[in-house]
DNA sequence: ATCCAGGCTCCTG
DNA sequence: CAGGAGCATGGA
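Numbering (the working numbering), first residue to last: 6 to 321.
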């Protein structure tokens with residue numbers, strides 16, 4: 006059975022090799038330790054669960070109509086994907102899950118041009134040496150990415166994670182494995198059906214509640230989708246997203262960076278970015294927006310990656 | 001206590 | 001059209 010399945014999978018999923026109940030992909034230039042640190046940075050995260058001892062992350066994802074739990078070990082030279090709740094994953098599920106991981110960790114991107122650029126940049130030079138192999142971790146679902154940017158506006162990450170936890174555990178779906186609950190972000194359809202009061206009960210502000218429901222309606226009615234955005238230029242993406250009530254330049258660029266994966270998206274107004282620059286430059290005050298824009302000229306093409314690497318410095 | 005958190009809209013003058 | 005109030009909550 007396994008031999009047959011092995012032949013079946015090979016060739017279908019190029020980079021991934023099937024061995025027994027596991028799928029393995031050899032990796033280079035992936036900084037697993039820092040990826041796991043980023044994934045595990047907040048205790049209130051409910052959409053995945055990191056286990057630093059076995060260097061793995063567990064996450065429930067939706068494949069077609071099915072909810073599938075995946076376990077991904079991130080080792081030095083390879084990724085190991087397995088399905089804790091499935092004895093015989095179908096080819097369709099294996100293909101979708103490996104595709105998910107490839108995109109989640111931006112595995113197809115060659116970071117060498119970014120390293121070259123950073124090596125010539127006084128601000129990024131040491132940061133990029135320190136975290137080399139860190140890749141932008143995606144928020145794959147457009148609705149989740151937009152929601153997260155709305156929840157993150159103005160307030161601290163702690164409060165934002167608290168809002169997300171309440172939203173997800175109140176209106177999302179979950180699967181249970183070994184007595185642990187793994188959550189999926191609620192669907193746009195579900196959130197579009199809510200009223201403002203129901204979100205206010207979860208400590209959302211009036212505004213945040215209105216924004217979230219509005220975005221949910223746009224996605225649920227397919228007036229907005231990831232496919233239409235992905236074919237746009239960076240500027241067009243920003244224009245389209247900032248036309249949505251509740252989505253300003255910061256949120257738009259956050260979504261473009263984390264979900265649409267444009268490597269040059271740049272959340273200029275981001276407080277985390279400001280604090281990271283203050284820290285890296287060892288200054289007593291946060292830099293001005295004008296200064297940051299000036300420095301960022303040298304990061305052109307890779308400003309999203311520059312931002313993600315700078316964020317990483319805040320966790321230490 | 002006061003200020004600041006991975007901002008945005010809307011209302012003033 | 002620039003500038004500022006208001007949002008709601010938790011941690012320093």
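Note that CB positions come from ideal geometry on N, CA and C, so glycine has one too.
Own chain residues within Cβ distance below 6 Å of residue 45, not counting five before or after: 55
Look at residue 166 and residue 179 and say whether their C-beta atoms are less than 8 Å apart. no
Can you tell me whether residue 182 is helix, strand or coil according to DSSP? strand
Identify whether residue 74 lies in helix, strand or coil by the three-state DSSP scheme. strand
In chain order, which continuous runs of the beta strand (DSSP E) of length 3 or greater are located wholly inside the stretch 83 to 145? 83 to 87
So, for residue 231: in the same chain, excluding its five sequence neighbours on each side, which residues have a beta-carbon less than 6 Å away from its beta-carbon? 147
Does the Cβ-Cβ distance between residue 161 and residue 256 come in under 8 Å? no
If you follow the beta strand (DSSP E) that residue 27 is in, where does it begin and where does it stop? 27 to 31
Neighbour-count burial assignment, residue 79, 16 or more Cβ in a 10 Å radius: buried
From residue 17 to residue 100, what distance separates their C-alpha atoms? A caution first: residue 17 carries a pLDDT of 48, below 50, which makes its placement in the model unreliable, though a value can still be read off. Distance between the alpha carbons of residue 17 and residue 100: 8 Å.
Straight-line CA distance for residue 228 to residue 289? 46 Å
For residue 228, name the three-state secondary structure that DSSP assigns. coil
Contact set for residue 294: own chain, Cβ-Cβ below 8 Å, skip 5 residues either direction: 273 and 274
Check this for me: beta carbons of residue 82 and residue 31, under 8 Å apart or not? yes
Name the residue from 319, 191 and 246 whose alpha carbon lies nearest to the alpha carbon of residue 276. 319
With DSSP collapsed to three states, give me the class of residue 65. strand
Residues that DSSP places opposite residue 56 in a beta bridge: 61
Please report the residue range of the alpha helix (DSSP H) in which residue 279 lies. 276 to 285
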